[in-house]
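From first to last, the protein sequence lines are chains A and B. Heads up: the first sequence at position 21 corresponds to 20 in numbering that gives the first Met the number 0, and the numbers run straight through without jumps. Heads up: the second sequence at position 39 corresponds to 38 in numbering that gives the first Met the number 0, and the numbers run straight through without jumps. From the three backbone atoms N, C-alpha and C, an ideal C-beta is built for every residue, glycine too.
2 protein chains.
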Amino acid sequence: MSIAIENFVKAIYKNDKNNSNDTKPGNIAKKLGISNAAATDMAKKLATKDLLHYEKYQELKLTKKGTKMALNVVRKHRLWESLLFRMFDMSLHEIHRESELLEHQTSDFLANKISEYLGNPKFDPHGDPIPNAQGEITTKDTSIALSNTQEGNTYIISRLMSDDKEFFDFCALNGLKYGNTIVVTKQFSKNKMTQILINNNTILLNEDFTNIIYVNETN
Amino acid sequence: MSIAIENFVKAIYKNDKNNSNDTKPGNIAKKLGISNAAATDMAKKLATKDLLHYEKYQELKLTKKGTKMALNVVRKHRLWESLLFRMFDMSLHEIHRESELLEHQTSDFLANKISEYLGNPKFDPHGDPIPNAQGEITTKDTSIALSNTQEGNTYIISRLMSDDKEFFDFCALNGLKYGNTIVVTKQFSKNKMTQILINNNTILLNEDFTNIIYVNETN
DNA sequence: AAAAATATTTAAGTAAGCTTAAATTTAAAG
DNA sequence: CTTTAAATTTAAGCTTACTTAAATATTTTT
Ligand SMILES: [Mn+2]
Ligand SMILES: [Mn+2]
Ligand SMILES: [Mn+2]
Ligand SMILES: [Mn+2]
C-alpha cells in the first residue's frame, strides 16, 4: 500500500484513540494537511479496498483489515522512535519526525529485527504502547490525563502524547519526562489549569498541556 | 525530490562508474524496471531541472547538481547498509534490499548521526566507498577485478559489486568475503575463467563473477 | 551500401493523489 | 422553526510517473 494510504488509516486510528474530535474526512484532512475533498476521495477509495466503512456524512470506521494496517504502521513508527532514541542523541521531536517517514519503508522483517534488538519493548520513548508483530497491543493502559488528577497526590509521568516541537522543548526545559515524578499541588478546575511541583519547581499548566500529559498514581 | 528521481540519477551514476554499457535511456530503464519511453520522459524532465544533460539519441550525462544528488543518495544507502550490517544479523543481500528503500526517507541530519555513530566509516560492508557529508569520495580505489589478476599472486577481497541474492549466497557458501585472502592459481584467459584457492578449497569462477569481485594485492 | 535489427523518441492514455470552486447536506444560532 | 454557518460532497482539472503502440533514428549485419 502507498504512503498516502498508510498515513490515512493511521490518522483515522489515532483520531479514534484520542476521541477528541469526530472521525470525519474534514478532521483527518486537517491532520494530514490535505483538502477536505481529497480526504473524501480517499475515504471512498479505501472503502472499495475494504480498509474502512464509508457512508456519506457519517464518521469513518476502520475495518479489521484497516485497523491491522494502521497498527502495523504504528508499530514501525514506535520501533524506529525507540531505536533512534536509544542509539543517537536525538530529541523526542526529532525521532518522531524521522520515524514519520521511515515507518513507510520498513519491511516486517526489519521491524522484527529492530524489535528483537531492543528486547521487544512494550513502550516507545513517549510512553506509547508498541503493537506486537501480530498487531496487538497487549499492555493495559492505567494512566490518566494530568487534567484528571487529584490535588495533593503524587504521580509518575507515563506518556507525552504529542508530535509538537514546542511542547517537547517545554517538557525538556522543565524536566517533564517519561518516568519522572510530579506532585499535583493545585487544580484550578474552573480555569482548567493545573499546578504541579517537579524538580523543586512549581509550574502552572493549561489544559492544552494537561490533556496530553498522562500519568500513573504511585502505588 | 521524489523517489523516482533519486533512483534515476543514482542509476545513471552507477552505470557510469561501472562503464559497462552506455548510459542511454534504455539501459537505465532496464535497471529500474521501467519502459524505455518512461526513461526518455524522465531524462527530458530532469534536464529542465538541471540535473542532467539530454540530447536526443546521446548518452545521459549528470550535471554537477545531478552528481551531487546521486552521491547524497548513495551515501545514505551505504550508511544504512553499514548500520544494519553491524547491528542486526542480516545478509549482504538483505541490507541492500532494505537500504534501497530507506535511502529515500533519510534526512541529512539522520545520515550524519548514523555516520558519526559508526565512526564515519569510509567503506560499506560490500567494500564500496561511502561519500562524505559533502558528497565527496576521498578514498582512492586501487583494487582490480579478479579477471585482471596475475596467476600465482595472492590478493585480498576488497569489493563484491552486486545486488544479487544468488551471488551473495554463493559468496557466503565459499568464504568470499570482504577482507578474506585468496590465491589466483590459474587464469584461463581464453575461456575467461579464473581458478582460485580460498579456505583450502579450489574453485573456478566465470567472468560473470570475476568482473564483480574486486581485490587488492597483498603489499 | 542496402537491408535488417535494435534502440530511441513521440504520441496517446491511465491511475494516484492532489487542488479549487460549486453544490449539497448537516449542524448551530437566533 | 427558520435562517445562517460550517462541513461534506461532487465536479473539473492538474502533476507525476508510469504504460503500450507507432514513428523515427541509429547500429549492425549481410
Ligand atoms: Mn511519534
Ligand atoms: Mn508517516
Ligand atoms: Mn547496496
Ligand atoms: Mn532506492
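- Close to residue 89(B), with beta-carbon spacing below 9 Å, are these residues of chain A in chain order: 108, 109 and 112.
- For residue 154(B), no alpha helix (DSSP H) encloses it; the enclosing beta strand (DSSP E) starts and ends at 153-159.
- Judged by DSSP secondary structure, residue 48(B) falls outside any alpha helix (DSSP H); it is assigned neither H nor E.
- Residue burial annotation: residue 54(B) is exposed, with fewer than 16 other C-beta atoms found within 10 angstroms of its C-beta.
- Residue 2(A) places its beta carbon 8 Å or farther from that of residue 45(A).
- Non-local beta-carbon contacts of residue 26(A) in its own chain, meaning distances under 7 Å to residues more than five positions away in sequence, involve 14 and 20 in chain order.
- Using a 10 angstroms sphere on the CB of residue 159(A), the tally of other CB atoms reaches 16 or more, which defines it as buried.
- Residue pairing by DSSP places residue 200(A) opposite 197(A) in a beta bridge.
- Counting C-beta pairs with one atom in each stretch, the region 178-192 of chain A and the region 108-120 of chain A have fewer than three that are closer than 8 Å, which means they do not touch.
- At a cut-off of 8 Å between C-beta atoms, residue 70(B) does not count as an interface residue with respect to chain A.
- Within chain B, the residues placing a beta-carbon under 7 Å from that of residue 86(A) are 116, ordered along the chain.
- Residues 5, 9 and 102 of the same chain have their beta carbon placed closer than 6 Å to that of residue 72(B), with the five preceding and five following residues left out of the count.
- Here residue 134(B) is actually not in contact with residue 156(B); their C-beta atoms are around 27 Å apart, not less than 8 Å.
- The set of residues with CB atoms less than 5 Å from any heavy atom of ligand 4 reads, in chain order, 6(B) and 99(B).
- Non-local C-beta neighbours of residue 107(B) in its own chain, meaning closer than 8 Å and more than five positions away in sequence, comprise 71 and 132, ordered along the chain.
- Under the Cβ distance rule, residue 104(B) counts among the residues neighbouring chain A, one pair being separated by less than 8 Å.
- In this structure, DSSP gives residue 17(A) a state outside helix and strand, which the three-state scheme calls coil.
- Checking the DSSP bridge columns, you'll see residue 128(A) partnered with 122(A).
- With fewer than 16 other Cβ atoms inside 10 Å of its own Cβ, residue 57(B) counts as exposed.
- Boundaries of the alpha helix (DSSP H) around residue 63(A): 63-86.
- Straight through space, the alpha carbons of residue 93(A) and residue 96(B) are spaced by roughly 25 Å.
- Less than 8 Å separates the beta-carbon of residue 51(B) from that of residue 42(B).
- Between the alpha carbons of residue 211(A) and residue 69(B) lies a distance of about 42 Å.
- For residue 116(B), the enclosing alpha helix (DSSP H) starts and ends at 107-116.
- Look at residue 31(A): its C-beta is not under 8 Å from any C-beta on chain B.
- Contacts between residue 97(B) and chain A, judged by CB atoms closer than 7 Å, involve 106 and 109 in chain order.
- Around residue 101(A), the beta-carbon contacts reaching into chain B at under 7 Å are 101 and 104.
- Remark: the shortest separation between the CB of residue 125(A) and any heavy atom of ligand 2 does not fall under 7 Å.
- Using a cutoff of 7 Å, the CB of residue 162(B) counts as near ligand 3, since one of the ligand's heavy atoms is closer than that.
- Looking at the DSSP output, residue 192(A) bridges to 187(A) and 205(A).
- Contact between residue 91(B) and residue 120(B) is absent: CB atoms are separated by about 15 Å, not below the 8 Å threshold.
- Residue 177(B) carries a coil assignment under DSSP once its states are collapsed to helix, strand and coil.
- Cβ-Cβ distances below 6 Å link residue 138(A) to 121 and 128 in the same chain, with the five nearest sequence neighbours on each side left out; the list follows chain order.
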